[in-house]
Each structure stands twice: as structure tokens, then as C-alpha cells.
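All letters in the sequence shown, in the order written, are residues 2 to 444 by the working numbering. We treat Cβ as the ideally placed atom computed from N, Cα and C, and that holds for glycine.
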Amino acid sequence: MEVYGLLASGYGDWPIIKQIAWLLGQVMNGIFNVLSAIGIENIGVCIIIFTIIVYTLMIPLTIKQQKFSKMSAVMQPEIKKIQKKYEGKKDQASMMKQQEEINMVYEKYGTSMSSGCLPMLIQMPILFALYPIIRDIPTYVKGVKNVYMPVTEAIMNTDGFQKIMEKIGEASPVLMSAKTNDYSQVDTIVNVLYKFQDSTWDKLLDKIPSISDLAHQTMNQVTHLNSFLGINIGEQPLTQLTTALHNGSIVGVILAVLIPVLAGLTQFISVKLQPNAASADKDNPMAGSMNAMTYTMPLISVVMGFTLPAGLGLYWAASAIVRCIQQLAINKYLSTKSLDEMIAENQKKAQKKREKHGAPAKEINKMATTSTRNAGKVTKGQSGISESERDSKIQEAQARAQKAKPGSLTSKANLVSRYNQGLETAEPKVESAEKDSKKKKRK
């Protein structure tokens with residue numbers, strides 16, 4: 002989940018995600034202001050509290066998704082049986098029958114195919130929106146932005162500052178291209194400075210030595226904000242590890258690897274705690290890929306955790322720990338509910354939805370059952386009748402067409418048909434006796 006969110010972090014300006022990011026940014030700003038008022042100005046603490054709040058708000062969606070996962074494990078054998086029944090049948094009638102029978106299984110358990118996807122679709126924009134906030138905290142937290150403002154103003158008052166900042170910003174560890182970022186804007190300069198490490202500050206001071214005093218003052222304040230359990234969450238753990246190894250500091254090495262390893266380990270535990278119908282079913286083709294992801298994704302998180310700012314790794318670890326605690330609570334809650342209770346609840350909710358759309362549930366259920374029974378009688382075609390009945394009805398229709406009145410649409414259609422077959426095209430004559438009797442009646 003963490004790596005997917007990271008890949009999506011470039012879409013922070015997309016509609017919906019941008020609005021959600023702004024809203025969550027207000028939450029982060031409020032947390033910082035409250036902590037600052039009581040004398041705690043620490044970005045690491047803010048990230049942890051922020052993570053707890055956001056994931057707590059998503060608990061209802063998580064429960065709904067995992068209820069469906071538990072229900073899916075029960076439904077899968079029935080669905081697989083239906084799929085096996087129609088295996089190799091690609092005609093439209095068989096495919097329609099298969100879908101009808103699968104829908105009846107979902108109907109039986111009071112759920113639908115979208116029940117498992119919808120909670121995830123709602124959660125994904127929220128999870129995607131979290132990354133711009135953690136990555137660009139000064140954009141959303143005014144108190145952090147104010148720390149950078151004095152040195153930012155001094156930089157922007159320097160001749161040629163834009164080219165200097167573009168050159169520094171495009172290189173590692175900032176990696177903010179001038180093609181996609183406007184270096185004439187205050188917010189851009191602040192975001193670039195937020196990603197600075199000690200070596201980056203040295204490069205800036207070589208280019209603009211006049212801001213040395215303000216730069217050192219800002220660095221001291223930023224170090225205070227970013228210091229979490231002795232770890233500078235603004236720097237990459239790999240840089241901290243290299244420095245610790247060079248200095249021969251065992252404590253420094255432990256602190257440098259702590260967050261990346263913790264991020265990967267907690268993510269692994271979190272995934273293992275989650276019920277997964279696909280992984281539980283050994284015959285499911287997705288089971289192998291799901292099991293592989295259980296092990297590979299945490300390893301990817303560890304690797305990327307070393308090369309990205311430790312603050313992002315801290316968020317990964319905090320979110321995984323929160324999910325682990327929530328999962329234990331959810332598992333305990335779901336264990337108290339029997340399958341029959343869950344089915345009854347689902348059917349009750351489904352009934353309310355149907356009645357809301359104007360049709361009583363019993364009537365719809367009856368229609369669905371009737372439809373399924375009829376579907377079971379189909380041998381060919383889609384009409385729900387046997388082949389012999391269908392041929393008989395066609396013959397009756399053809400016989401009626403041959404007796405059509407002259408001048409009618411059916412009669413004209415017969416003329417066209419006879420013409421295409423190379424037959425006599427004159428309309429059949431109606432018996433003269435019949436015409437004479439009609440004329441006499443009129444007189």
C-alpha cells in the first residue's frame with residue numbers, strides 16, 4: 002500500500018485528490034498548532050497523531066471491506082462450481098446463464114460484486130492524498146512554513162537566485178525539476194529548502210554566502226522540528242547510515258536503520274493479519290501473486306525507506322502499526338459474529354436499498370428466482386423456451402404471414418421475400434365469391 006501511494010504521489014494536483022489533500026492538510030496544521038501551544042513542536046509527533054486520526058476515520062470502510070472478504074471465502078466454492086459448470090461454453094446464452102446464477106449466489110448472501118471494490122475505491126484517493134502532505138509539510142502547515150520564510154526572503158532578494166536554486170533543486174536529494182516547478186514562487190523555494198540536507202545547505206551557502214547567519218538559524222530550528230528519538234526525519238537514512246559508519250557510531254547505525262526496517266516489518270505483519278480470500282484459496286490464480294506481494298512489498302519499502310527522507314518512512318511505520326492494532330480489533334469483532342448473522346445483516350441492508358428504489362424485496366427475489374428457473378430450461382437461444390417450442394412458434398408465425406391481407410405491411414414483406422427468391426411476385430388473388438358477398442352486404 003505504501004509503495005502504491007508513493008507512485009501515485011505525483012498526482013497530488015489531480016481533482017478530488019487535491020481537494021482531499023487540502024482538507025487533510027488542515028487536519029495536520031491543526032495538530033501542529035495544538036502541539037505548539039503546549040510546547041511540543043515536532044514534525045515526527047505530528048505525523049504519528051495525524052496517521053492515527055486518518056486511519057481511525059477509515060475504520061468503517063475497512064470493516065466493510067473485510068466483511069466482504071470473509072463472505073467471499075464462503076461464496077467462492079459456489080461461484081467456482083458455477084464457473085466449472087459452464088467451462089468452455091462461450092455462447093451468449095451460456096454466458097448469460099452463468100452470470101445469472103452467480104448473481105443469485107451474491108443475492109443469497111445479501112451482497113454484490115461491488116461490495117469489495119467500493120470501500121477500496123473510496124479509500125484510495127484518501128491514501129493518495131496523504132503523500133503530498135507528508136512530502137511537502139510546509140505547504141500545509143503554516144508554522145513550519147514560517148520557519149523557512151526569513152531565509153527564503155533573503156534568497157529571493159539575491160540577484161540570479163532562480164538559476165542557483167534551480168540547479169540545486171534539480172539535483173539529489175531534492176529532485177524538483179524546473180520544468181514542473183516555478184522557482185520564482187515562494188512556496189516552491191520553501192518546499193525545496195524543506196528537502197535540504199546538511200550537504201545541500203553547504204552548496205547553497207557556497208553560492209549565496211550572504212545568507213549564512215539566517216541559514217544557520219533556520220537549520221537549527223529545522224533540526225529541532227525534525228528530531229525524533231534522535232533521528233533527523235528530514236534526512237535520508239542512507240546518508241545517516243554512511244555518516245554513522247564513517248564515525249564508527251553503533252548507536253548511529255541502529256538509529257539509521259531503525260525506521261526503514263520498522264516500516265518493512267510492520268507492513269509485513271499488517272498484511273499477514275488481514276483476511277484474504279484469494280490467498281486462502283490455493284486454486285485461485287491470484288493466490289500466488291498475493292503471497293509474493295506479501296513478502297516483496299515490505300522489502301521494497303525497506304529499500305525505498307533508506308533512499309527517501311526518514312519522515313516518509315516514519316509515516317509508513319506509523320500507518321502499518323495503526324493498521325495492525327486496528328486489524329486485531331476488527332478480527333476480534335468479526336469473530337463474535339457468525340456467518341448467519343452477517344448474511345442476515347447484509348440481506349436486511351440489501352432489502353432497504355431495493356425498497357428505496359421502489360420495489361419490494363420479496364417481489365424482486367421472486368422475479369430473480371423465476372428468471373433463474375427459466376434460464377435453467379434454455380438449451381439454445383436466449384428466450385427461456387425449449388428448441389421445439391421455439392420452432393413451433395416460428396412455424397405458426399410463418400403460416401400467419403402467408404394469410405396476410407393484400408396491401409398490408411406483412412403482404413408487402415412477403416412480396417420482397419418472393420422477389421429475392423426469384424418466385425412469382427404478384428399478390429395472391431382473393432376468391433371472387435368472398436369479394437362479391439362483401440359488396441352485397443355494403444349495398
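Among the candidates the options, whose CA atom is the shortest distance from the CA of residue i?
{"i": "residue 64", "options": "243, 322, 121", "result": "121"}
{"i": "residue 477", "options": "269, 306, 318", "result": "Residue 477 lies beyond the stretch modelled for the chain, which goes from 2 to 444, so this question has no answer here."}
{"i": "residue 348", "options": "106, 244, 219, 193", "result": "106"}
{"i": "residue 256", "options": "265, 245, 266", "result": "245"}
{"i": "residue 295", "options": "305, 274, 49, 350", "result": "274"}
{"i": "residue 47", "options": "173, 139, 96", "result": "139"}
{"i": "residue 230", "options": "33, 37, 17, 43", "result": "43"}
{"i": "residue 259", "options": "211, 206, 271, 318", "result": "318"}
{"i": "residue 28", "options": "49, 41, 166", "result": "49"}
{"i": "residue 85", "options": "52, 70, 102", "result": "102"}
{"i": "residue 182", "options": "163, 303, 336", "result": "163"}
{"i": "residue 171", "options": "201, 148, 188, 145", "result": "201"}
{"i": "residue 195", "options": "97, 158, 141", "result": "141"}
{"i": "residue 303", "options": "336, 326, 267, 293", "result": "267"}
{"i": "residue 19", "options": "114, 128, 90, 70", "result": "128"}
{"i": "residue 214", "options": "234, 153, 177, 346", "result": "153"}
{"i": "residue 160", "options": "199, 211, 189", "result": "211"}
{"i": "residue 23", "options": "341, 324, 143", "result": "143"}
{"i": "residue 308", "options": "157, 261, 90", "result": "261"}
Roughly how many angstroms separate the alpha carbons of residue i and residue j, rounded to a whole number?
{"i": "residue 220", "j": "residue 332", "result": "46 Å"}
{"i": "residue 203", "j": "residue 134", "result": "27 Å"}
{"i": "residue 209", "j": "residue 169", "result": "12 Å"}
{"i": "residue 339", "j": "residue 109", "result": "16 Å"}
{"i": "residue 136", "j": "residue 112", "result": "39 Å"}
{"i": "residue 56", "j": "residue 271", "result": "13 Å"}
{"i": "residue 95", "j": "residue 79", "result": "17 Å"}
{"i": "residue 174", "j": "residue 243", "result": "15 Å"}
{"i": "residue 104", "j": "residue 92", "result": "18 Å"}
{"i": "residue 305", "j": "residue 264", "result": "10 Å"}
{"i": "residue 345", "j": "residue 352", "result": "10 Å"}
{"i": "residue 233", "j": "residue 177", "result": "21 Å"}
{"i": "residue 383", "j": "residue 97", "result": "Per-residue confidence for residue 383 stands at a pLDDT of 42, beneath the threshold of 50, marking its modelled position as unreliable; the derived number appears in the next sentence. Going by the C-alpha atoms only, they are around 8 Å apart."}
{"i": "residue 71", "j": "residue 335", "result": "9 Å"}
{"i": "residue 179", "j": "residue 193", "result": "11 Å"}
{"i": "residue 218", "j": "residue 132", "result": "28 Å"}
{"i": "residue 99", "j": "residue 75", "result": "19 Å"}
{"i": "residue 299", "j": "residue 321", "result": "11 Å"}
{"i": "residue 226", "j": "residue 190", "result": "19 Å"}
What distance in whole Å lies between the Cβ atoms of residue j and residue i, which are believed to be in contact at a cut-off of 8 Å?
{"i": "residue 310", "j": "residue 236", "result": "7 Å"}
{"i": "residue 21", "j": "residue 130", "result": "4 Å"}
{"i": "residue 253", "j": "residue 241", "result": "7 Å"}
{"i": "residue 238", "j": "residue 312", "result": "Actually they are not in contact, since the Cβ atoms of residue 238 and residue 312 sit about 11 Å apart, beyond 8 Å."}
{"i": "residue 149", "j": "residue 166", "result": "Actually they do not touch by this definition, with Cβ atoms about 13 Å apart."}
{"i": "residue 124", "j": "residue 62", "result": "6 Å"}
{"i": "residue 343", "j": "residue 68", "result": "6 Å"}
{"i": "residue 327", "j": "residue 60", "result": "6 Å"}
{"i": "residue 51", "j": "residue 32", "result": "6 Å"}
DSSP three-state label for residue i, please.
{"i": "residue 173", "result": "coil"}
{"i": "residue 275", "result": "coil"}
{"i": "residue 42", "result": "coil"}
{"i": "residue 139", "result": "helix"}
{"i": "residue 181", "result": "coil"}
{"i": "residue 92", "result": "coil"}
{"i": "residue 309", "result": "coil"}
{"i": "residue 56", "result": "helix"}
{"i": "residue 197", "result": "coil"}
{"i": "residue 37", "result": "helix"}
{"i": "residue 202", "result": "helix"}
Name the DSSP bridge partner or partners of residue i?
{"i": "residue 233", "result": "228"}
When you measure from the CB of residue i to every non-hydrogen atom of the ligand FAD, does any distance come out below 8 Å?
{"i": "residue 93", "result": "What this structure holds is no ligand at all, so the ligand FAD is not there to describe."}
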